[in-house]
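Comments concern the structure below.
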Amino acid sequence: MKLWRAVVVLLAVALLAPASSLAAETFSFGPGSVTFARLQATHGYRVNFSENDKGFFFVRVKGHGSTTDFTVKTGRAPGDHLVADFGGRGRFDLRFIPVGEPEPTSNEGCEGPKGSFRVGYLVGRARFRTERGFARIRLHRVWAARESWGHLTCEFSGGLPVFGHPKQKRATFAALASDAKTIFARPKRSLAFRATQFYRHAKPADRRVDFIAELRENAGRIAVHRKVIVAAPESSLLFPGAPRLPEEVAVKPPAPFTGSAEFLRTHESTFTWSGDLAVTFPGLDPIRLTGPRFSVSICALKGCVSRNAERPASGS
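Going by our numbering, 580 is the number at position 189 of the sequence shown; the sequence numbering is gapless.
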């Protein structure tokens, strides 16, 4: 149950803490509650789903180096029922049945009244199917848990926990494309690619580079966040000159990426990001990751440099 509790705490932080507080070491949130379950899906994927007292229902599909999150706002008041309609993807209609007495939570790292954690199971009907059916679930009963908490003030040394390679970063390259009209607008769709190089003493040697691709989009009422991550050896990323900022970056990640890409910058600050690099998220066709629509940035110990995406001319 400790793993579930950690997941609940991080979920609560992401949903309830003010955006400006996420970079700080101390923040407050709550009160709140969430009911959640996890189970094995088809083709080696796992599914976690939950509903919180703020009227949001979440489904996370994870496996094979990928994570896909589906979120829908139900607007329902909290209660013993978990109900959500994901359209053609599926529907949840479940009732929580508690087992035994609730346990007090420790609130480790947080100050405030102790919350409660209660094990039980969900009964009813639930089905969910991802695009092209790479993962499916259908259930009538599953073990679950419910956690509630009061108003808490929490501290994390060094900021929020970061899941990924534990070694120190040496240099990072990132490319981002979105349909937002201005930098202040919230995009309906964004696509990001990131390559991170770690120090050469990092072991094992075949994991000294991380490649990550993320796609965020709103499909009607449903928000979808897709992510793939893969580790690779240094030969997959040409990042010369670190800790100085390079004038050339070349990437050739392994599957689920295909192709390669090259970033070039001149002394006149002319940037290009080109190639046939693409990524395949589970259930989708390959998506290209290069071109002038991407803004790019490079960071090393000597600083950062960036270039904004080219915007199409008005009326084009």
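Even for Gly, the Cβ is constructed at its ideal location relative to N, Cα and C.
Since this is a predicted model, take the numbers as computed values, not measurements.
Where residue i falls, given that 16 or more other Cβ within 10 Å makes a residue buried
i	result
Q588	buried
H646	Residue 646 is actually Ala in this sequence, not His. Flag for A646 reads exposed.
E639	exposed
L680	buried
V687	buried
N443	buried
D601	buried
V490	exposed
R345	Residue 345 cannot be examined here, being either before or after the span of the chain that is shown, 392 to 707.
L628	buried
C695	exposed
L692	exposed
F436	It is worth fixing the name first, because residue 436 is Tyr in this sequence and not Phe. Y436 comes out buried.
P644	buried
H617	Looking at the sequence shown, residue 617 is not His but Arg. R617 is buried by the Cβ-count criterion.
G506	buried
T417	exposed
P673	buried
L413	Residue confidence is low: L413 scores 43 on pLDDT, short of 50, so the model does not pin down where it sits. No coordinate-derived value is stated.
First and last residue of the uninterrupted beta strand (DSSP E) at residue i
i	result
H616	I613 to A623
K560	K560 to S569
H542	From DSSP, H542 is part of no beta strand (DSSP E); its letter is neither H nor E.
N699	Counting along the chain, N699 falls outside any beta strand (DSSP E), and DSSP gives it neither H nor E.
T426	G423 to Q431
T587	R580 to F589
A652	A652 to R656
S665	F662 to G666
A646	Run containing A646: none; DSSP gives neither H nor E here.
L606	V600 to A610
L513	S507 to R520
S441	R437 to N443
A691	S686 to A691
Neighbourhood of residue i by C-beta distance below 6 angstroms, restricted to the same chain and skipping five residues each side
i	result
F648	V670
F448	E442, V463, T465 and A475
N439	R429 and R451
E502	T544
L530	A517
P493	S507 and R509
S581	S569 and R607
F662	R656 and R698
I528	A432, V438 and F519
R612	V463
D460	R451 and H616
Contacting residues, own chain, Cβ-Cβ under 8 angstroms from residue i (five flanking each side not counted)
i	result
T496	R396, K505, G506, S507, F508, E538 and W540
- Query: For the stretch 558-571 against the stretch 454-467, are there 3 or more C-beta pairs whose distance is under 8 angstroms?
  - Reply: With the rule of 3 Cβ pairs closer than 8 angstroms, the stretch 558-571 does not count as touching the stretch 454-467.
- Task: For the stretch 447-503, list the beta strand (DSSP E) runs that are entirely contained and at least 3 residues long, ordered along the chain.
- Result: Taking only runs of at least 3 residues, the beta strand (DSSP E) segments lying wholly in the stretch 447-503 are 447-454, 457-464, 472-476 and 481-489.
- Query: Would you call the stretch 535-543 and the stretch 423-430 in contact, with 3 or more CB pairs under 8 angstroms?
  - Reply: Judged by Cβ distances under 8 angstroms, the stretch 535-543 makes contact with the stretch 423-430, as three or more pairs qualify.
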